[in-house]
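For reference, each letter of the sequence shown is one residue, going 75 to 333 in the working numbering. These notes concern the structure reproduced below.
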Amino acid sequence: MNKIEIRTVDVVRYVQPLREGGSLPAIVKADDGFLYVIKFRGAGQGKKALISEFIGGEMARSIGLNVPEIVFMNLDDSFSKTEPDEEIQDLLKFSVGLNLGLHFLTGSITYDPLVSEIDALTASKVVLLDSIISNIDRTAKNTNLLHWNKELWIIDNGASFYFHHDWSTWENHLTRTFPLIKDHVLLSKATKLEEAAAIIKKSLSLEKITDIISSIPADWLTSETDEMTGLEIKNAYTLFLKTRLSKIDALIKEAIDAR
Numbered sequence: 075m076n077k078i079e080i081r082t083v084d085v086v087r088y089v090q091p092l093r094e095g096g097s098l099p100a101i102v103k104a105d106d107g108f109l110y111v112i113k114f115r116g117a118g119q120g121k122k123a124l125i126s127e128f129i130g131g132e133m134a135r136s137i138g139l140n141v142p143e144i145v146f147m148n149l150d151d152s153f154s155k156t157e158p159d160e161e162i163q164d165l166l167k168f169s170v171g172l173n174l175g176l177h178f179l180t181g182s183i184t185y186d187p188l189v190s191e192i193d194a195l196t197a198s199k200v201v202l203l204d205s206i207i208s209n210i211d212r213t214a215k216n217t218n219l220l221h222w223n224k225e226l227w228i229i230d231n232g233a234s235f236y237f238h239h240d241w242s243t244w245e246n247h248l249t250r251t252f253p254l255i256k257d258h259v260l261l262s263k264a265t266k267l268e269e270a271a272a273i274i275k276k277s278l279s280l281e282k283i284t285d286i287i288s289s290i291p292a293d294w295l296t297s298e299t300d301e302m303t304g305l306e307i308k309n310a311y312t313l314f315l316k317t318r319l320s321k322i323d324a325l326i327k328e329a330i331d332a333r
C-alpha cells in the first residue's frame with residue numbers, strides 16, 4: 075500500500091474570499107505557484123472542520139473518486155495586517171499557522187442535479203462514503219460537488235464526523251446508522267451500492283484508515299475544550315470508521331429504503 079504524502083506550502087498572496095461558504099474560505103496563491111481554496115483554522119468550526127475535510131477527502135481519493143489535491147498551508151501574520159475588511163482581518167489573525175488547502179479547479183462549475191450527468195457507480199460511492207463519514211452537507215441545496223474537465227469532483231467534507239464537536243458522547247454514535255442519507259443529492263442515482271461497497275471494503279483497509287488519520291497534523295488535534303489527548307482522538311476516529319465499515323450492509327439497506 076502506498077502511504078499518503080501531503081505537501082506543505084506557504085501562502086504568498088491572499089487573492090479573494092469565497093463568500094458562498096459560511097466559513098469564508100478564500101482563494102490564495104502558494105509558494106509553488108498554484109492557486110488553492112484555503113479552509114481556515116480560525117473559522118467557525120475551527121480545526122475540527124479541517125480534520126473532517128482531510129479525512130473525508132483522502133478517503134474519497136482512496137476509493138477512486140476525484141478530489142483536488144489536499145495540502146497543508148502555512149499562513150503567517152502579515153496578511154491580517156494589510157487586509158481592510160475587519161471580518162477577514164480577524165479570520166486571518168486567528169488562522170496563523172497550519173491550515174488546509176484544496177487545489178483550485180479553474181473553470182469548474184457546481185454540480186446541478188437537474189442537468190449534470192453522473193454514472194450510477196460514482197453516485198453510489200459518494201452516497202456510501204457520506205454515510206460512513208456522516209456527512210450532513212451534500213444535499214440538493216448545497217451539493218459540494220463540482221464538474222471539471224467533464225468529471226465529477228468531491229469538495230467540502232467539513233460537515234462530516236459531527237460527533238467530534240462533543241467528545242463526551244461520541245461513543246453513542248458507534249451504534250447508529252445515518253438516517254440523514256435520505257436528503258443526499260445523489261441518492262436517486264445511487265443504484266450500484268453493493269458494487270460500490272465491494273470497492274470501498276477493498277480500498278479502505280484498516281491500514282489505509284490508520285495511515286490517513288496518522289497524517290492529521292498534531293496541533294489540529296489540540297483544543298482547550300477537549301479533555302481527550304491527540305492520540306485518544308486519533309484512536310476514536312479510527313474506531314468510528316472501523317465500526318462504520320463493519321456495518322456497511324446496514325448503511326446500504328438504509329440508503330435503499332430511503333431511495
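A virtual CB, placed ideally from N, CA and C, is assigned to each residue, including glycine.
Sixteen is the threshold: since fewer than 16 other Cβ atoms of the shown chains lie within 10 Å of the Cβ of I183, the residue is exposed. Counting of Cβ neighbours within 10 angstroms places P99 among the buried residues, the total reaching 16 or more. Counting only runs that start and end inside the region 117-157, the alpha helix (DSSP H) elements of at least 4 residues fall at 120-136 and 152-156.
Collapsing the DSSP output to three states places E225 in a strand.
Leaving aside the five residues that flank D106 on each side, the residues in its chain whose CB is nearer than 7 Å to its CB run, in chain order, V83. I129 is not a Cβ neighbour of I273, given a cutoff of 7 Å. Here F146 is not near L188, since their CB atoms are 7 Å or more apart. It is roughly 7 Å from the alpha-carbon of L254 to the alpha-carbon of I210. In the structure shown, T184 adopts extended strand secondary structure according to DSSP, grouped into three states.
If you ignore the 5 residues before and after S154, its C-beta comes within less than 7 Å of the C-beta of Q163, L166 and K167, all in its own chain and listed in chain order. Around the C-beta of R87, fewer than 16 other C-beta atoms lie within 10 Å, and the residue is accordingly described as exposed. Given a length threshold of 4 residues, each whole run of the alpha helix (DSSP H) inside the region 232-320 is given here in chain order: 267-277, 280-288 and 304-320. Excluding residues up to 5 positions away in sequence, L248 lie with their Cβ nearer than 8 Å to the Cβ of L313 in the same chain. Judged by pairs of C-beta atoms under 8 Å, the region 215-223 does not touch the region 113-129, as fewer than three such pairs exist.
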